[in-house]
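In this text, residue positions in the sequence shown follow our numbering: the first is -6, and each later residue adds one.
Where is the CB? At the ideal position from N, CA and C, for every residue including glycine.
The structure appears right after this line, and notes come after that.
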Amino acid sequence: MLDKALLLVNFGGPRNLEEVTPFLIELLTDEELLRTNLPSFLHCFFFTRIAKKRASHLTKDYEEIGGFSPIYFDTEELKKKLSMHLQQEVLTFHRYLPATHEESLKKIEVCKAKKIQVFPFFPQFCSGTTGSIASFFCDRLSPKALAKLEWIRSYPDHPAFISCYQKKIGALMEKQGLSEETTLLLFSFHGVPKAFIEEGDTYEKECLASFNACRKHFPKAAAFLSYQSKFGRGEWLEPATDTLCRRISTLAQGKTACIVVPISFTSDHIETLFEIEKLYLPLIRAQGIKAFRCDALNCDPEWFYSILQITKENQKSFDTHSLCRW
């Protein structure tokens, strides 16, 4: 029996336009992510209908970025590289790709390793992302399989992770001929409802940890933190990225360029390639400020080696139940 295997867990994204609808249904019917007071069957009924209505609009957005999300392909490519390097079994799980669930769960169940280290592609812990996957596993895996899972909870300010974005930002500044003195860095995190934080979620604190750890490498640049991708009603974490983009000329205070850094995302996808690139950057440019999007980590060698380092150095593991809300 093998001592250890590695399980990479990620958001998942449609691999083609036909998967947009099932992706959105899986997303909106996840009660860990989208929380209501409705009974489960009503939540599923109503949000399945909403997902189907929104799918046509979202499909057009995916057409704008090539007809698919890179998340699945990046994760699978990293799986291959890690498996070859580690010479051990590496598994993947894509939360919102229902077509992959049966096979992924079966592979976890039959894995012969004594322990399975779980690495989430979410640097900052949130009960709606890493926690959602933990809850999904609790509901569907056998007690024997669950007992094998040892989770890395998060790594918001791990030097290896921060170094990836530090080098990304530095390379972009060099490519565009920018200096720290003339640049504003807008670190954009995925937003969550304030209710998550009020229930004890550590996401906001961990976002701040990532922000502070990265900004200190650019002491002469202006730096701001914001949250994007609000969905539905209710209060979400602020400030909102689109709000700051509309006020960028005021925030810039003489800076002539702005780089939007999607530091909570490890892969580029609809929220970076479309939302940031096609919605936010034009807002900045309209005010006479040069605007650039920093790429996410994707399959960069630096990110590959960071995963190796974080998984090797991890000193504290969490069991699956400890990451669930209930």
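Burial state of residue i, where buried means 16 or more other Cβ atoms lie within 10 Å
i, result
"E25", "buried"
"A279", "exposed"
"K248", "buried"
"G121", "buried"
"K141", "buried"
"A188", "exposed"
"T29", "exposed"
"M77", "exposed"
"S49", "exposed"
"A44", "buried"
"A164", "exposed"
"E268", "buried"
"S128", "buried"
"P136", "exposed"
"F34", "exposed"
Cβ-Cβ separation, residue j to residue i (assumed contact under 8 Å), whole Å
i, j, result
"S242", "G281", "7 Å"
"F180", "F217", "7 Å"
"Q81", "T304", "The Cβ separation is near 11 Å, so there is no contact."
"I162", "F211", "7 Å"
"I101", "L134", "6 Å"
"E199", "Q117", "4 Å"
"Q159", "C238", "Not a contact, Cβ separation roughly 23 Å."
"L201", "V254", "The pair is not a contact, with the Cβ atoms about 14 Å apart (cut-off 8 Å)."
"E143", "K108", "6 Å"
"F39", "L31", "7 Å"
Pick from the options that is closest to residue i, judged by C-alpha positions
i, options, result
"I64", "R8, F118 and H94", "R8"
"Y320", "Q302, L21 and G5", "Beyond the ends of the chain as shown, which are -6 and 319, falls residue 320; an answer cannot be given."
"D293", "C157, Y273, F267 and F112", "C157"
"I277", "I155, P149 and A245", "A245"
"Q302", "Y148, E96 and H87", "Y148"
"G59", "L10, L79 and H50", "L10"
"P91", "L17, E191 and K160", "L17"
"A215", "L171, K108 and H50", "L171"
"F204", "D194, Y220 and G193", "Y220"
"S62", "P136, E197, N291 and L(-1)", "N291"
"R42", "E56, E57, E19 and Y55", "E19"
"T123", "K46, D194, E57 and L178", "D194"
"D235", "P186, E295, P275 and K73", "P275"
"E228", "E191, P255 and E69", "E191"
"P152", "S315, L(-1), S310 and W296", "W296"
"D150", "Y196, P136 and K168", "Y196"
"E167", "D67, C287, R240 and E95", "C287"
"G225", "G184, F38 and F129", "G184"
"S79", "L(-5), Q169, L266 and P186", "It should be pointed out that residue 79 corresponds to Leu in this sequence rather than to Ser. Taking only the C-alpha atoms, the option nearest L79 is L(-5)."
"A138", "Q169, C119, T176 and S97", "S97"
"L266", "E69, K74, T176 and Y55", "Y55"
"K46", "S315, H94, P15 and D67", "P15"
Within 8 Å, strictly: CB atoms of residue i and residue j
i, j, result
"T313", "C104", "no"
"F86", "V13", "no"
"H36", "T52", "no"
"C317", "A284", "no"
"K213", "E173", "yes"
"I300", "L71", "yes"
"A106", "K(-3)", "yes"
"F112", "L0", "yes"
"I126", "N307", "no"
"S310", "A289", "no"
Contact with chain C by residue i, beta-carbon distance below 8 Å
i, result
"D23", "Looking for chain C here will not work: only one protein chain is present."
- Message: If we require 4 or more residues per run, which alpha helix (DSSP H) segments fall completely within the segment 233 to 276?
- Response: Runs of the alpha helix (DSSP H) spanning 4 or more residues and lying entirely within the segment 233 to 276 occur at 234 to 239 and 241 to 245, in chain order.
- Item | Secondary structure, beta strand (DSSP E): runs of 3+ residues fully inside the segment 150 to 208 | For the segment 150 to 208, whole beta strand (DSSP E) runs of length 3 or above, ordered along the chain, are 176 to 183.
- Item | Entirely enclosed beta strand (DSSP E) segments - the segment 46 to 132, minimum 3 residues | If we require 3 residues or more, the beta strand (DSSP E) runs fully inside the segment 46 to 132 come out as 83 to 87 and 108 to 113.
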